[in-house]
Amino acid sequence: HIDYWHENDTFEPWQEDKWVPFLRVTNSYNRTRLLRFDVGFCRWVCTNGLIFGHRGATIKYPHSKNAVREIEAVGIKAGDLQKLKLEFIERLNNLKRFHVSRKEMLPLACKVFDIDVNDKVHEHPQRVEQLKDFHSGFQEMTARYFEEMGENAYAALNVITDIASRPISIYILPVAVMDSMQKKAGSWIDEFIPAIKDDKFQFDEYLRMYRPVAAIIQNLN
63 HIDYWHENDT FEPWQEDKWV PFLRVTNSYN RTRLLRFDVG FCRWVCTNGL
113 IFGHRGATIK YPHSKNAVRE IEAVGIKAGD LQKLKLEFIE RLNNLKRFHV
163 SRKEMLPLAC KVFDIDVNDK VHEHPQRVEQ LKDFHSGFQE MTARYFEEMG
213 ENAYAALNVI TDIASRPISI YILPVAVMDS MQKKAGSWID EFIPAIKDDK
263 FQFDEYLRMY RPVAAIIQNL N
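Reminder that position 150 of the sequence shown reads as 212 in my numbering, one-by-one numbering, no gaps.
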């Protein structure tokens, strides 16, 4: 894939915190992937990105002559992008208002990225070393963002998008999973924002299934 950043269209949800829209073009030489256009947003200061793939900002085409003609006629209008930006800013404000303790970040990351580990992981020394490296880098990353932004879901988002944009050693081929991880980050926001607006939402219950996974990772060190 190739990313195009719209450098002249930066916006600030709040002072001195700039974001920028970007367009990701995905294609393949052997027809294994559809030609695809995804709109996302990237935090300018650290280039942490996320993609909202299922909110009308994705266009897919098969490899065919007809598809090429369709691409010429279909696009995301400037007004549509402005609407996506306003929706995104509203989400960021909702995240900033929601308290998240830094001790909850590891189970949250396990949930967002579907990280699954069980007690048999000790049978795989290479995987154990990967998870140790991941946990060490993750702790440093969490401390940095939470000290800068406080204990809230916006700081959590920055940890999540940093992992997505620069996958660390938990993955065999980090670069190959960046696109899917940034899409998972976008999907998490789409799911999380409506959830926290519900008066019955319980964050402890939300993370319940992923606490044992986080505990195993923590105890490897």
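Cβ coordinates follow ideal geometry from the N, Cα and C atoms, glycine included.
Residue i and residue j closer than 9 angstroms at C-beta
i, j, result
"V82", "I64", "no"
"I222", "A247", "yes"
"L112", "Q244", "yes"
"H161", "N89", "no"
"E210", "A217", "yes"
"F265", "I258", "yes"
"V275", "D195", "no"
Rounded straight-line distance, which links the Cα of residue j to that of residue i
i, j, result
"G118", "S249", "Residue placement at G118 cannot be trusted, given a pLDDT of 39 that sits under 50; the coordinates are not used to answer."
"A135", "D142", "The predicted model places A135 with a pLDDT of 48, which falls under 50 and marks its position as unreliable; any figure quoted below should be read in that light. The alpha-carbon atoms of A135 and D142 are separated by roughly 16 angstroms."
"Y66", "L85", "5 angstroms"
"N155", "F73", "14 angstroms"
"Q144", "E69", "15 angstroms"
"T109", "R159", "23 angstroms"
"E152", "R105", "15 angstroms"
"T94", "S242", "16 angstroms"
"M240", "K182", "27 angstroms"
"F263", "I251", "15 angstroms"
"A277", "G199", "16 angstroms"
"F150", "Y207", "20 angstroms"
"E253", "K173", "12 angstroms"
"H116", "F99", "Residue placement at H116 cannot be trusted, given a pLDDT of 47 that sits under 50; the coordinates are not used to answer."
"L193", "M203", "15 angstroms"
"L235", "R189", "Residue placement at L235 is poorly supported in this model, since its pLDDT is 46, which falls under 50; the coordinates are not used for a value here."
Option in the options with minimal Cα separation from residue i
i, options, result
"D224", "W76, N89 and F103", "F103"
"K147", "H184, A218, V101 and S163", "V101"
"N180", "F200, N281, D261 and E149", "N281"
"D176", "D79, A226 and K80", "A226"
"Q201", "R164, Q188 and E185", "R164"
"A205", "W76, Q192, E191 and N220", "N220"
Extent of the continuous alpha helix (DSSP H) to which residue i belongs
i, result
"D176", "Segment: none, D176 is in no alpha helix (DSSP H) and carries neither H nor E."
"G199", "P187 to M211"
Continuous beta strand (DSSP E) stretch holding residue i: start and end
i, result
"F99", "L97 to R105"
"T88", "W81 to T88"
- Query: With contact counted as at least three CB pairs below 8 angstroms, one residue from each stretch, are the segment 166 to 182 and the segment 256 to 272 in contact?
  - Reply: yes
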